[in-house]
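>
6 protein chains.
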Amino acid sequence: MTSRDMTTPQSLLFTDAFLSPLVIEEAVARALDEDFGRAGDITSIATIDEDAIARAVMVARQDGVIAGLPLAVAALRRLAPDIAIEAHQRDGAGVTAGTRLLTIIGDARAVLGAERTALNFAGRLSGIATLTASYVRETAGTNLRICCTRKTTPGLRALEKYAVRCGGGFNHRFGLDDAILIKDNHIAVAGGVRAALERARRVAGHLVKIEIEVDTLEQLREVIATGIADAVLLDNMDIETLRKAVHINGGLLKLEASGGVTRDTIAAIAATGVDYASAGALTHSAPNFDVALDIDVG
Amino acid sequence: MTSRDMTTPQSLLFTDAFLSPLVIEEAVARALDEDFGRAGDITSIATIDEDAIARAVMVARQDGVIAGLPLAVAALRRLAPDIAIEAHQRDGAGVTAGTRLLTIIGDARAVLGAERTALNFAGRLSGIATLTASYVRETAGTNLRICCTRKTTPGLRALEKYAVRCGGGFNHRFGLDDAILIKDNHIAVAGGVRAALERARRVAGHLVKIEIEVDTLEQLREVIATGIADAVLLDNMDIETLRKAVHINGGLLKLEASGGVTRDTIAAIAATGVDYASAGALTHSAPNFDVALDIDVG
Amino acid sequence: MTSRDMTTPQSLLFTDAFLSPLVIEEAVARALDEDFGRAGDITSIATIDEDAIARAVMVARQDGVIAGLPLAVAALRRLAPDIAIEAHQRDGAGVTAGTRLLTIIGDARAVLGAERTALNFAGRLSGIATLTASYVRETAGTNLRICCTRKTTPGLRALEKYAVRCGGGFNHRFGLDDAILIKDNHIAVAGGVRAALERARRVAGHLVKIEIEVDTLEQLREVIATGIADAVLLDNMDIETLRKAVHINGGLLKLEASGGVTRDTIAAIAATGVDYASAGALTHSAPNFDVALDIDVG
Amino acid sequence: MTSRDMTTPQSLLFTDAFLSPLVIEEAVARALDEDFGRAGDITSIATIDEDAIARAVMVARQDGVIAGLPLAVAALRRLAPDIAIEAHQRDGAGVTAGTRLLTIIGDARAVLGAERTALNFAGRLSGIATLTASYVRETAGTNLRICCTRKTTPGLRALEKYAVRCGGGFNHRFGLDDAILIKDNHIAVAGGVRAALERARRVAGHLVKIEIEVDTLEQLREVIATGIADAVLLDNMDIETLRKAVHINGGLLKLEASGGVTRDTIAAIAATGVDYASAGALTHSAPNFDVALDIDVG
Amino acid sequence: MTSRDMTTPQSLLFTDAFLSPLVIEEAVARALDEDFGRAGDITSIATIDEDAIARAVMVARQDGVIAGLPLAVAALRRLAPDIAIEAHQRDGAGVTAGTRLLTIIGDARAVLGAERTALNFAGRLSGIATLTASYVRETAGTNLRICCTRKTTPGLRALEKYAVRCGGGFNHRFGLDDAILIKDNHIAVAGGVRAALERARRVAGHLVKIEIEVDTLEQLREVIATGIADAVLLDNMDIETLRKAVHINGGLLKLEASGGVTRDTIAAIAATGVDYASAGALTHSAPNFDVALDIDVG
Amino acid sequence: MTSRDMTTPQSLLFTDAFLSPLVIEEAVARALDEDFGRAGDITSIATIDEDAIARAVMVARQDGVIAGLPLAVAALRRLAPDIAIEAHQRDGAGVTAGTRLLTIIGDARAVLGAERTALNFAGRLSGIATLTASYVRETAGTNLRICCTRKTTPGLRALEKYAVRCGGGFNHRFGLDDAILIKDNHIAVAGGVRAALERARRVAGHLVKIEIEVDTLEQLREVIATGIADAVLLDNMDIETLRKAVHINGGLLKLEASGGVTRDTIAAIAATGVDYASAGALTHSAPNFDVALDIDVG
């Protein structure tokens, strides 16, 4: 086995997902620093000879969708640049319990030292991808797109939004700066829907989309009348109201349902004809995906 | 209302929890940078006058245990150093849905800009504290201590371990470097339990504890016979085996049950008499705690 | 004079400009580190008593539009937190040669040490604002919006785009990640205008705008036919072709003229009816604005 | 084509220029982070297959002197470590419009992603080198050395001073800490030319040069009388006065003309016999050099 | 000579020493930045052709124990990734004056540029290792372990503690966070030995050791009576008192002698039977080890 | 007692010493991070109430010269911004054992947490200042200036050179980039003394001093003949040869004796009439200065 076809972890990235490759390096360095502290992996230093070689297989322990393999690889490479890694899957793949993900051969201290960091990344991101995929499955055959929010783990947003894409979902804003989303407070301060939208149009460049949150169909009509918004966030509306909103909109603006979006409600939401449904739970409450490293040092 | 009695966010920290105060500043800076990007909160810039003042109340939306208030405060302060904040609760407090946590008065753009970062910290850490507390409640009246693992979100370990403490749990290792934990691979490579423990004792200083993982009672007896270990991790043993382990140990070493530790099993585990039970789920699978910021700009 | 009404440099920011306030602190720290090196301002240390007080006035030496005062203030504050600064103008103000911008009273070593950094920021950013304003003036009375590009000084993009706003211009993308701009290479690889746009629509979330570059009116018609793009970049078209493009478009998409946009051509471009004209020169070739610090140490 | 003879970008550096090679890596990392943000080059991700290969040629679009190729190469390498790059020129080379600078073959997404960053570095630094060379040409056959100042773009000083060297100029101080330059304010506070110079001599080590700024010939005579200074900055003196200064100095100290140094005046200044002429415009007002990347993805 | 068997500097690390390999990269980067500043090694740039090759041998100039070779190698590699280095010794080796440590062949500017940084690391760390070894020699045949303290050079603690290990010593705490050490002030505030120990036990996890400082044998008895502490620091006790302490302890707790531990007293201390003796001098007052780089450029 | 007159630690700096104040903040942050790790000062958290107040006095335990008080203050302030500190001495002061340096009143956990960091800085820097002062005393009444080298602790150079100044010494180069120092290897490669000096003059700007190392008086004569160098390093010459060098030089160039400069030889070296004597031992082998913090918590 050689690691030749894996010279950059990026080759394991989900192909259509938006993620700066530069983010990986920084996230992995920070995580390893956090785990190694000042003295490093003192258990392995104490008990493993420095020239020992380990053979390890990363295996899924449950069904789901994988995300985070490039980070696992980057963590191993950072400790042992010459380690040999063969990838059996790549991010975005659907797997079942027992599926082999990576085979690794190299310096035993490095493999054991990177183990937890590699698994923490793969576990968290695959957890998000798997949860997202379960939402997506519920809406198969519809045009609804599941999307995430800014309710992400502080410091990991780009990676978590990447995991949502791996699971078949779509991305909402990556930050406060890449689109305008006018919420109730902004509307109140600006003096109403029209005033807020006009202020936004006055300063925003032509590559900034404008979405506005509405609580009522009346507000939706106001938004449509201005001709300014690109999208509307329908906040906490029940299924019947969503359906009416779709009717009123007549395909003019992108409609996003938000609030109460769960695996149980998503099919009904999709049936209303809204374009997007967003759920913070995809990123802030996804349970960890069970993944392990079976190691053989010899 | 003044912010005088809150000059440092540290005063809101859970009093007995181990956390470097220096960690807070860095985590908050990174999270705000992530959210603000290059252009900042363009929605608020577009729709809110720069001299507008907001009054906001952070409120718990569910029952549970609060953690993360110092980070919420630090995020607000970083954007508006002179903001007035009154704390109604501090980390570690048990709350019910509707409990007011903070009252905030200050620059409206800053409050709206910091809102999501503040809530993301409070939501994640309170989620961990609340889940931990639910485990702790199950073991009331016993001597069992619930503890976390190194299965934490990459980059947030110190904060997540702090949240475990806020919820009444205890901390396992913070990293690979602050104690020796000899696992199956280390034992295999070193040539058995005794050899591994002797290697550890040979190099470890007197302030480094040594724990060793065992899969069988036979191994436990081997460990006890060496007289070297401080603690033993009983890996994936059933209740009956745990009980035997406690008997064999006779109070000599600290015993930690690991594997299969859930809210359902924890009471039975406590009844066996082991000293610690550790669960990765406390940090890697805690659902978000529902907390909100009710804002009034005017 | 007190510095009370200037507790944060943000209060000097151009009110409607998109800029993360967090960017200021980092840019100023880096610039001062660059200038102070290891030994600091050795001339002032050698020749000025440490308790000497300086009174300084920052003055415009030419006509134009000011940008960068918050950075000048932040540089002074970083060296002397208690320095007193009175602002006579704020960013975005039109000034004439001789206009006083800031009055500063404080530690003489700090004032002299921060002088060059403060002036370098104010000189570069005011240069950009002034050049932008000169373009804007040429288009007075039209709907044309002048905008910048990604042709910015490496490391200073957010600040330079802010300066464009101070001068009355608008911002194009802040980076590769906040909108899709499909250029000739992307079209060629994807297999044509329609294929490229469909690929973009397939993966982009609903808050990502899509602009596409066209070289011919035929391509423009293709773009319009797809119904996918939000905006079209008309690349290097002459005035007559621009006019035809506006006619063909019929107000449907945002049209941006690019290439050959100079102060001499901008009025004619505006007359064609395109919505935006972008010029790299605003940021990559703006001459420095002449600004000085008149210092009186005594 | 291989990249073998270019294993480090340093081999493209202008051979005699003072620049820490460590500066390149940091500047390139920062610039790419700025452009890639959180989501990366979303246009290329959306429209280019991940295994597509691009062939690109960097070409000068105007006559001038090249600087910045090592940064362009480093930007490409950071995104695609295995990219093949052949260099046809190196920094400091005089080129004409159409001259090929680099040929690049590699991952298409990486080439397109690094394009703007590479061009921004090459455009800015070549602009400075070209402007500097135009000053140098005016003084051919004289001993005058053109030099830069500390009026540089914040955060890019080392690179801009390197570009001045590529253009045939010389470097003034890199920061406040590597030489003493006593200006009018220092003289005033210290109590005159002699007092200031004596204070400087009292504390400065033997490897720190001392230059002093004078406004009049009288002051120049004072400086000479002290026997302390190494160099004198002749501030804003007309040609006639400069000539007298040279006469008075009699070759004793290095003389630097400053203020009013332009391409129009530089020849006359050289004729006076001063040793150095410094101009902030070299770095703060150099127009961008026109350079492009012709890309063929296939 | 090839550098093949030295692909990572870690292979030169003292095999049993606790040190995160990630610390090396950061320490070397910081040290080189500090030395290169903005303009780099201007002497070598001025006087050495860029394609010159140097052959250099790092040689010990005194007897002692070597530490720091991996840092020397990392410094050379950072400037010239392809440099060939052959290691003749590794950290922890005892050497005599004249012993060759490394042979280096590569880019002459890089070798000269890295020389001082490489020697500063090797000189300081070998100095500590050599001093430690001289203490260790005095206690040969006893069970006493020499250990360091937290009295280390700010910013270099992990490296200095590593050097202590290279010299045959042991490590005390790496920081305030990896063990509890209760000193006189803590005892006073907590209300006595027992109260302090009980507070510690109440909050510390099972992998945190607890040591307590005592001034008298009476306090030692109190500590023993609590059954809580793992180790006792005997502060500034004379030989006779130490001997009594050992007797009282009866092998129950680890005993550490602290205060007055010098090369002259260490043998007598060892004879008392205490387990550890700690000396700040090992790290804060070790004289530099004389090591040189003999360079031949040709 | 208030901390009013100490709003910036800079006011405690030795008044004539070259040190960027920005260096202090970074060095202190790094040192505290190193000591606090992830969990912070767990002993104080466990045993001291969070509202406890400490009163502490920093006291010299030996005679000598103080340096590092601003760093001690900055460490305390970073943990407790509102702490009250009264300074009784400032850097550069000669003290005797028992001299009180600082009185501190504030948060007990912060005082205990910062104690070691504050003392490590003060101990190391005062050690260097004290050693330097002992050299300076030996040369009282002569014109010899004692100076340091680049043989400093990696990462602490600016601070250690500052300490040399506090002790009455002078600074050599701060890095490879602030002056040219041509050594034997450079001479050999360049083809002799004259060739090397001419190469240096050809590229160096007018604010860069040129020093050259010579081994023989013959070489010294060569250097003088070129008329290029500013200073000459006389390498490892005995007293008699130094005297001849002074005679040959006739006051023309600055002469620096290097090699074999110790407290024992320094008076004789001074008597030869050389201008400077440099000793690496000042920074690389200074024993720690004994300083303590007497703390009273209550």
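Taken in order, these protein sequences are the chains called A, B, C, D, E and F.
To convert, note that position 292 of the first sequence is 292 in my numbering; the numbers rise steadily by one, no gaps.
To convert, note that position 45 of the second sequence is 343 in my numbering; the numbers rise steadily by one, no gaps.
To convert, note that position 187 of the third sequence is 783 in my numbering; the numbers rise steadily by one, no gaps.
To convert, note that position 24 of the fourth sequence is 918 in my numbering; the numbers rise steadily by one, no gaps.
To convert, note that position 127 of the fifth sequence is 1319 in my numbering; the numbers rise steadily by one, no gaps.
To convert, note that position 257 of the sixth sequence is 1747 in my numbering; the numbers rise steadily by one, no gaps.
Cβ coordinates follow ideal geometry from the N, Cα and C atoms, glycine included.
Applying the criterion that 16 or more other CB atoms from any shown protein chain within 10 Å of the CB defines a buried residue, is R1663/F buried or exposed?
Position 173 of the sixth sequence, counted from the start, is the residue given in the question as residue 1663/F. It is buried - the Cβ of R1663/F has at least 16 other Cβ atoms within 10 Å.
> Of all the CB atoms in chain A, is at least one closer than 8 Å to the CB of L310/B?
For this step, residue 310/B is matched to residue 12 along the second sequence. No, no contact with chain A.
> When the Cα of D831/C is compared with those of A821/C, I824/C, E807/C, G847/C, which residue comes out closest?
For this step, residue 831/C is matched to residue 235 along the third sequence. Among A821/C, I824/C, E807/C, G847/C, the Cα nearest to that of D831/C belongs to E807/C.
> Grouping DSSP H, G and I as helix and E and B as strand, with all else coil, what is S278/A?
On the first sequence, position 278 is the one that residue 278/A refers to. In this structure, S278/A counts as strand in the three-state DSSP scheme.
> Helix, strand or coil, according to DSSP, for E682/C in the structure here?
Along the third sequence, read from residue 1 onward, the residue named residue 682/C stands at position 86. DSSP places E682/C in strand when its eight states are reduced to three.
> Report the residue from G764/C, V810/C, A627/C whose alpha carbon sits nearest the alpha carbon of A784/C.
In the third sequence, the residue the question calls residue 784/C occupies position 188. Of the listed residues, the one whose Cα sits closest to A784/C is V810/C.
> Output the boundary residues of the alpha helix (DSSP H) element that contains S1318/E.
The residue labelled residue 1318/E in the question sits at position 126 within the fifth sequence. Per DSSP, S1318/E belongs to the alpha helix (DSSP H) from 1300-1330.
> Kindly list the residues whose CB is nearer than 6 Å to the CB of A1180/D, restricted to its own chain and excluding five residues on each side of it in sequence; keep chain order.
Position 286 of the fourth sequence, counting from 1, holds the residue named residue 1180/D. Counting only Cβ-Cβ distances below 6 Å, and skipping sequence neighbours, we find G1021, I1022, L1025.
> What are the residues that DSSP puts in a beta bridge with A1119/D?
Looking up residue 1119/D in the fourth sequence gives position 225. Paired residue(s): none; A1119/D is not in a bridge.
> Does E332/B pass the burial test, meaning 16 or more other C-beta atoms within 10 Å, or should it be called exposed?
Translated into the one-based positions of the second sequence, residue 332/B becomes position 34. E332/B should be labelled buried.
> Taking T745/C as the query, report the chain B residues whose CB atoms sit under 8 Å from its CB, ordered along the chain.
Here residue 745/C refers to the residue found at position 149 of the third sequence. In chain order: nothing, as chain B lies at least about 15 Å away.
> Contact criterion: CB-CB distance below 8 Å. Does A477/B meet it with respect to chain E?
Numbered from its first residue, the second sequence carries residue 477/B at position 179. Taking Cβ atoms only, chain E reaches closer than 8 Å to A477/B, which makes this a yes.
> For G68/A and D573/B, what's the separation of their Cα atoms in angstroms?
Locating residue 68/A in the first sequence gives position 68, where the first residue counts as 1. Locating residue 573/B in the second sequence gives position 275, where the first residue counts as 1. Whole-angstrom Cα-Cα distance: 35 Å.
> So is L580/B in contact with chain A if we call contact Cβ pairs under 8 Å?
For the purposes of this step, residue 580/B is taken as residue 282 along the second sequence, with counting starting at 1. Output row for L580/B: interface = no.
> Which word fits G1527/F, buried or exposed, when buried means at least 16 other C-beta atoms lie within 10 angstroms of its C-beta?
As a position in the sixth sequence, residue 1527/F is number 37, starting the count at 1. Classification of G1527/F: buried, given that the 10 Å Cβ count is 16 or more.
> Assuming V1102/D and A1073/D make a contact with CB atoms under 8 Å, what is their CB distance in whole Å?
Position 208 of the fourth sequence, counting from 1, holds the residue named residue 1102/D. Position 179 of the fourth sequence, counting from 1, holds the residue named residue 1073/D. Yes, they are in contact, since the Cβ atoms of V1102/D and A1073/D sit about 6 Å apart, within 8 Å.
> Of the residues V619/C, R720/C, A841/C, N739/C, which one's Cα is nearest the Cα of L330/B?
Numbered from 1 along the second sequence, position 32 holds the residue referred to as residue 330/B. Ranking V619/C, R720/C, A841/C, N739/C by Cα distance to L330/B puts V619/C first.
> For R798/C, name the three-state secondary structure that DSSP assigns.
By 1-based counting over the third sequence, the position of residue 798/C is 202. Three-state DSSP puts R798/C in a helix.
> My understanding is that I567/B touches L540/B, with C-beta atoms under 8 Å, so please give their C-beta distance in whole angstroms.
Taking the second sequence and counting its residues from 1, the one referred to as residue 567/B is at position 269. Taking the second sequence and counting its residues from 1, the one referred to as residue 540/B is at position 242. Going by Cβ atoms, the distance from I567/B to L540/B rounds to 7 Å, so yes, they are a contact pair.
> Mind listing the chain D neighbours of E630/C? Cutoff is C-beta to C-beta under 9 Å, in chain order.
The residue labelled residue 630/C in the question sits at position 34 within the third sequence. Ordered by position in chain D, the residues that pass the 9 Å Cβ test against E630/C are T1046, P1048, G1049, L1050, R1051, A1052, F1068, G1069.
> Is it true that the CB of A969/D sits closer than 8 Å to the CB of V1005/D?
Taking the first residue of the fourth sequence as 1, we reach residue 1005/D at position 111. Taking the first residue of the fourth sequence as 1, we reach residue 969/D at position 75. No; because the gap between Cβ atoms is not below 8 Å, this pair is not in contact.
> Fully enclosed by the region 1059-1109 of chain D, which beta strand (DSSP E) runs are 3 residues long or longer?
Taking only runs of at least 3 residues, the beta strand (DSSP E) segments lying wholly in the region 1059-1109 of chain D are 1074-1076, 1104-1108.
> Are the C-beta atoms of V208/A and some chain C residue less than 8 Å apart?
Here residue 208/A corresponds to residue number 208 of the first sequence, with the count starting at 1. Output row for V208/A: interface = yes.
> Once DSSP output is grouped into helix, strand and coil, what is the label at I1240/E?
Locating residue 1240/E in the fifth sequence gives position 48, where the first residue counts as 1. In the structure shown, I1240/E sits in coil (DSSP, three-state: anything other than H, G, I, E or B).
> Starting from L159/A, follow its DSSP beta bridges and name the residues at the other end.
In the first sequence, counting from the first residue as 1, residue 159/A sits at position 159. For L159/A, which the question treats as bridged, DSSP gives no partner whatsoever.
> When the Cβ atoms of the region 350-358 of chain B are set against those of the region 399-406 of chain B, are three or more pairs found closer than 8 Å?
Enough Cβ pairs lie closer than 8 Å, so yes.
> Establish whether the CB of T997/D and some CB of chain C are separated by less than 8 Å.
Indexing the fourth sequence from 1 puts residue 997/D at position 103. It does not: the Cβ of T997/D has no partner Cβ on chain C nearer than 8 Å.
> Might you give, ordered along the chain, the residues of its own chain that have their beta carbon closer than 6 Å to the beta carbon of D303/B, omitting 5 neighbours on each side?
Here the question's residue 303/B lines up with position 5 in the second sequence. In this prediction, D303/B scores a pLDDT of 44, lower than 50, which makes its location untrustworthy; the coordinate-derived value is nonetheless stated afterwards. The answer is none, since no qualifying residue turns up.
> In whole angstroms, give me the CA-to-CA distance for G549/B and L1445/E.
Residue mapping note: residue 549/B aligns to position 251 of the second sequence, counting from 1. Residue mapping note: residue 1445/E aligns to position 253 of the fifth sequence, counting from 1. Near 17 Å, if we compare the C-alpha coordinates of L1445/E and G549/B.
> Which residue from T1043/D, A1084/D, P1048/D, L1038/D puts its Cα closest to that of T1166/D?
On the fourth sequence, residue 1166/D is found 272 positions in, with the first residue counted as 1. Nearest option by C-alpha distance: L1038/D.
> Could you confirm whether any beta carbon from chain B is found closer than 8 Å to the beta carbon of T598/C?
Taking the first residue of the third sequence as position 1, residue 598/C is located at position 2. With a pLDDT of 45 at T598/C, under the threshold of 50, the modelled position of that residue is not reliable, and the figure given next carries that caveat. It does not; no Cβ of chain B falls within 8 Å.
> For A1094/D, which residues of its own chain have a beta-carbon under 6 Å away from its beta-carbon, when the five flanking residues on both sides are left out?
Position 200 of the fourth sequence holds residue 1094/D. Closer than 6 Å at the Cβ level, and outside the excluded window around A1094/D, lie I1074, I1104.
> Applying the 10 Å Cβ sphere with the 16-neighbour rule, what's the burial state of T397/B?
Your numbering for residue 397/B matches position 99 in the second sequence. Buried: at least 16 other Cβ atoms inside 10 Å.
> Against chain E, which members of the region 45-70 of chain A pass a CB distance test of less than 9 Å?
Cβ contacts with chain E: I45, A46, D49, E50, D51.
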